[in-house]
Amino acid sequence: MFNVSTGMLVLMAVLFFFWSAIKILNEYERGVVFRLGRVIPLKGPGLVIILPMIDKLVRVSLRTVTMDVPSQDVITRDNVTVKVNAVVYFKVVEPIKAITEIENFYFATSQIAQTTLRSTLGQSQLDDLLSKREEINAQLQKIIDLQTEPWGIKVTAVETKNVDLPVEMQRAIAKQAEAERERRAKIIHAEGELQASYKLADAAKIISSESGTLQLRYLQTLTEISAEKNSTIIFPLPIELLTPFLDRFKNKPDQTVKDA
18 MFNVSTGMLV LMAVLFFFWS AIKILNEYER GVVFRLGRVI PLKGPGLVII LPMIDKLVRV
78 SLRTVTMDVP SQDVITRDNV TVKVNAVVYF KVVEPIKAIT EIENFYFATS QIAQTTLRST
138 LGQSQLDDLL SKREEINAQL QKIIDLQTEP WGIKVTAVET KNVDLPVEMQ RAIAKQAEAE
198 RERRAKIIHA EGELQASYKL ADAAKIISSE SGTLQLRYLQ TLTEISAEKN STIIFPLPIE
258 LLTPFLDRFK NKPDQTVKDA
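Sequence positions in the sequence shown follow our numbering and run 18 to 277.
This is how it looks when you write it as structure tokens:
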């Protein structure tokens, strides 16, 4: 009976040993193994065998991590307080460094992203913050990636999501946009008036140089008036027909003086 019990215990110990020694790592995982406290070459993916109670395996995912950066209070260069949040995309490219160089690479990357967001955006004007998103995102990505590189972290992208402005600033921006639209409308209207004046001047030159053109214009005016439902008829009289009467009126005072 004693031998049977001992054999069962030995068998269970062997099974437990092999069960603890065999590890399976997915394609996107790597294993950082500490043997008696020292790092040995990287393991994975696939079947990995370790020594129980001697080796310690730490799994590290190589997939891209999407990390939300909490909303940060930022004072811009022109002294406007805004709330800005962002999202950071990063991945582990050197698993051994990510485990041995920093205690918690995810938390550390989050803190670096928050401080970089505040300091970088604080050096920007509000107009740049609203209109130059791509340039600011590229600058944030470069700075954060440079600081996390010693940890074996690669920051692939940073995107600012929302920029919340105070209500007073939103109203001021809306008024500024309305004034800009009115200014552009006035400029377009003035340019149209200028072009129309050039066309009218050209038309006047043509009409004055061609005697028949003026008569055709009279006929066109009559046609336009007759096409409408008007009770009043306006008949354009050529000024040439009045010339003899005007000359006679000018000569009449001279004759009166002679009679006197």
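Here a beta-carbon is modelled for each residue, glycine too, at the ideal position from N, C-alpha and C. Keep in mind that this is a model prediction, so the values were computed, not measured.
Cutoff 8 Å; reference residue i; Cβ partners in own chain excluding five residues on either side
i: G139; result: V91, I92, T93 and R94
i: V77; result: E46, R47, G48, V49, V109, P112, A115 and I116
i: I71; result: R52 and L53
i: V104; result: T83, M84, D85, V86, V175, E176 and K178
Beta-carbon proximity check, residue i vs residue j, cutoff 8 Å
i: T165; j: F107; result: yes
i: G281; j: E118; result: Within the shown structure, residues of the chain are numbered from 18 to 277, placing residue 281 beyond reach of any answer.
i: K40; j: L79; result: no
Buried/exposed call for residue i, threshold 16 Cβ in 10 Å
i: Q142; result: exposed
i: S148; result: exposed
i: T133; result: buried
i: L146; result: buried
i: V101; result: buried
i: F122; result: buried
i: L217; result: exposed
i: K275; result: Low confidence applies to K275: its pLDDT is 49, below 50, so where it sits in the model is not reliable enough to give any reading.
Contacts around residue i, its chain only, beta-carbon distance under 6 Å, and the 5 residues preceding and following it disregarded
i: L44; result: In the sequence as presented, Leu is not what sits at residue 44; that position holds Glu. So the list reads P62, once near-sequence residues are dropped.
i: V31; result: none
Cutoff 8 Å: residue i Cβ touching any chain B Cβ
i: I204; result: In the structure shown, chain B cannot be found, because there is only a single protein chain.
Cβ-Cβ separation, residue j to residue i (assumed contact under 8 Å), whole Å
i: I161; j: V180; result: With 8 Å as the limit, I161 and V180 do not qualify as a contact, their Cβ atoms being about 19 Å apart.
i: I57; j: A38; result: About 15 Å; that fails the 8 Å criterion.
i: T173; j: T83; result: Contact doesn't hold; Cβ gap of about 10 Å is too wide.
i: K182; j: V99; result: It should be noted that the sequence gives Leu, not Lys, for residue 182. Between V99 and L182 the Cβ distance is about 6 Å, and since that is below 8 Å, they are a contact.
Under 8 Å, with one C-beta from each stretch per pair, do the region 148-164 and the region 78-90 reach the 3-pair mark? no
Evaluate contact between the region 120-127 and the region 56-64, counting only Cβ atoms and requiring at least three cross-stretch pairs below 8 Å. no
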